[in-house]
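Some notes on the structure that comes next.
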Amino acid sequence: MTAATSIEGVSASLCLAPSNKTSTGRRPASPLLCHAAGHSTGLVSGASQPVLGFGAAASTQQHGLSRPPEVLKSRLGSGPFPPCVSSLGFTARPATLRCLQAAMPGRAGSHLSSLSFLTLTAPAHAPQNSPTAKRPKKCRATLAANLSAVATEVSAALWAQPPSWAATLGVNAAVFSLGYPVLRSGLSASGMASSFLLGVAAWKGFGPPGYTLVCLYFLLGTAVTKLRLQQKQAEGIAEQRSGRRGPGSVVGSAAAAVACAAGATLGVGGAAAVPLWQLGYVASFCTKLSDTTASEVGKAYGKTTYLITSLALVPRGTEGAVSAEGTLAGLAAAVALAGVAVLAGMVDGTGAVVAVVASQVANVFESWLGATSQGKAGREWLSNDLVNVLNISVGTTVAILLRVALLGRN
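Last residue of the sequence shown: number 410 in the UniProt record's numbering, and the count goes up by one each step with no gaps.
Here it is in structure tokens:
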């Protein structure tokens with residue numbers, strides 16, 4: 001069997017070729033590939049000889065077709081359209097389907113009564129060994145190479161030192177856009193604006209490692225704030241706005257970190273001071289995450305709380321109170337964040353230990369300040385946000401001084 005083929009954009013009518021010869025003793029010159037069982041033969045529009053119906057779709061296999069016919073679910077004229085072979089890659093559109101019915105000329109005893117055929121648009125098919133057949137592979141290779149080049153350029157821009165303003169603003173905008181639902185759950189509208197500035201300072205000062213650290217702090221801090229929130233609200237010891245931080249809280253949590261990032265960005269102290277700025281940055285977030293975790297876990301799970309100045313028993317949530325559960329959780333949080341800082345290359349092992357120790361010293365100071373001064377008459381100006389600023393400033397300062405002392409001994 002031979003099939004009528006055409007170049008792309010030229011219509012071709014395709015039906016199964018007859019298994020027998022015509023009345024002239026020759027096979028049709030332009031057979032059509034369609035299953036025409038139960039249909040008549042006739043003249044195809046534009047053809048000069050009759051086309052005979054072929055009764056068995058399964059017989060397509062013996063004519064070299066690689067796949068069995070697939071049913072084209074369309075109705076043409078008064079009857080269903082017969083199954084059509086799709087293995088040649090022809091694509092049919094409803095607007096191109098036609099059905100002709102014609103009497104078969106000079107075919108005595110024919111049991112066929114009608115002819116159905118289809119007009120299709122045939123795409124060009126190049127032999128496997130032709131240059132055209134290799135183009136898709138070349139296109140894919142070119143696309144892969146272009147994507148690889150773009151990825152390399154983006155990676156270089158993101159990890160460039162010092163970080164560019166374009167990368168800083170672009171990454172921060174992308175994170176805030178994609179992470180808006182999460183950010184909104186932990187920040188008020190004004191808090192988000194303040195956090196955006198914090199993100200800019202973090203990336204500009206310390207690149208991806210510093211940005212990763214502040215993001216992790218936010219996620220962990222928000223999570224522990226939500227612990228047993230309804231219980232804490234019922235006891236009147238929950239954070240305001242259901243734990244959503246406003247601008248004051250953001251500043252209180254990140255003032256020291258922003259100062260360290262600014263020092264690194266402006267080159268204060270030269271290249272030798274960069275490791276100290278990095279350590280101070282890590283210590284500030286270790287301090288604040290430890291403080292937040294200790295406070296929230298203590299309010300949620302603390303069984304016995306003591307006032308740090310006198311060790312007197314006090315209710316949970318009292319300023320200056322500590323609990324074993326909260327203290328251990330706060331220490332674990334500081335260790336975890338310092339470990340991430342080591343993996344990110346912000347500090348070495350010694351720097352991580354220094355950051356954790358400094359965070360605990362700062363938290364003891366914060367508890368003492370809360371027990372002796374915060375909320376006392378005449379000291380209403382000592383707000384919780386200001387106490388937070390003092391807390392993280394102590395943690396940052398202790399870490400830097402301790403590191404300098406250790407370096408001096410070496």
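Every residue gets a Cβ at the ideal spot worked out from N, C-alpha and C, and that includes glycine.
No experiment lies behind these values; they were computed from the predicted model shown.
Let me check one thing: in DSSP terms, what residues is residue i bridge-paired to?
i, result
"Ala321", "Leu307"
"residue 412", "The question about residue 412 has no answer here: the residues shown for the chain are numbered 1 through 410."
"Leu197", "Answer is none; Leu197 lacks a bridge partner."
"Leu313", "Tyr306"
Name the residue from the options whose alpha carbon lies nearest to the alpha carbon of residue i.
i, options, result
"Val282", "Val150, Val347 and Ala264", "Val347"
"Thr292", "Val353, Gly221 and Ser359", "Gly221"
"Gly207", "Asn172, Leu307, Thr287 and Ala223", "Asn172"
"Ile237", "Glu296, Val398, Lys204 and Gly199", "Glu296"
"Gly339", "Leu227, Val353 and Thr327", "Val353"
"Ala174", "Ser185, Gln161 and Gly199", "Gly199"
"Ala341", "Ser194, Pro275 and Arg228", "Pro275"
"Ala255", "Lys288, Gln233 and Leu407", "Lys288"
"Ser290", "Val258, Lys376, Gln233 and Glu366", "Glu366"
"Leu266", "Ala141, Ala201, Asn388 and Ser190", "Ala201"
"Lys303", "Leu213, Ser284 and Ala324", "Ala324"
"Val356", "Ile400, Glu239, Asp385 and Gly375", "Ile400"
"residue 411", "Ala144, Leu213, Arg228 and Gln233", "Given a span of 1 to 410 for the chain in the structure shown, any question on residue 411 remains unanswerable."
"Ala271", "Asn384, Gln161 and Ser383", "Gln161"
Apply the 10 Å Cβ neighbour rule to residue i and answer buried if 16 or more other Cβ atoms are within range, or exposed otherwise.
i, result
"Gln278", "buried"
"Pro209", "buried"
"Cys139", "exposed"
"Leu343", "exposed"
"Pro181", "exposed"
"Arg244", "buried"
"Thr396", "buried"
"Ala333", "buried"
"Thr152", "exposed"
"Glu380", "exposed"
"Trp203", "buried"
"Leu187", "buried"
"Ala264", "buried"
"Met192", "buried"
"Ser23", "With a pLDDT of only 44 at Ser23, under the threshold of 50, the placement of this residue in the model should not be trusted, and no figure is reported."
"Pro163", "buried"
"Leu178", "exposed"
"Ser148", "exposed"
"Arg316", "buried"
"Leu313", "exposed"
"Val150", "exposed"
"Asn363", "buried"
"Leu33", "Unreliable placement is indicated for Leu33, whose pLDDT of 38 sits below 50; the coordinate value is still reported in the next sentence. Leu33 is buried by the Cβ-count criterion."
"Thr225", "buried"
"Thr5", "Confidence at Thr5 is low in this model, with a pLDDT of 34, below 50, so the placement of that residue should be treated as unreliable; the coordinate-derived value is given next. It counts as exposed."
"Arg377", "The sequence shown places Ala at residue 377, not Arg. Exposed, because fewer than 16 other Cβ atoms sit within 10 Å of the Cβ of Ala377."
"Val387", "buried"
"Leu406", "exposed"
"Pro123", "The predicted position of Pro123 is uncertain, since its pLDDT is 45 and thus under 50; no value can be drawn from it."
"Leu219", "exposed"
Just checking my contact of residue i with residue j at CB under 8 Å: how many whole Å lie between their CB atoms?
i, j, result
"Gln300", "Gln230", "Looking at the sequence shown, residue 300 is not Gln but Ala. Not really, about 11 Å apart at Cβ, beyond 8 Å."
"Cys260", "Ser359", "In fact, because the Cβ distance is near 15 Å, the residues do not count as touching under 8 Å."
"Gly351", "Arg403", "7 Å"
"Leu337", "Tyr217", "7 Å"
"Gly326", "Gly298", "3 Å"
"Ser253", "Ile392", "7 Å"
Mind checking if residue i is an interface residue toward chain C, Cβ cutoff 8 Å exclusive?
i, result
"Val182", "Of the protein chains in this structure there is only one, and it is not chain C."
Would you say the segment 368-381 touches the segment 298-312, given that touching needs at least three Cβ pairs under 8 Å?
-> Flag = yes, the segment 368-381 and the segment 298-312 touch.
Are the segment 247-263 and the segment 314-333 touching, with three or more C-beta to C-beta distances below 8 Å?
-> Fewer than three beta-carbon pairs drawn from the segment 247-263 and the segment 314-333 are found closer than 8 Å, and the two stretches are therefore not classed as touching.
For the segment 152-168 against the segment 193-207, are there 3 or more C-beta pairs whose distance is under 8 Å?
-> yes
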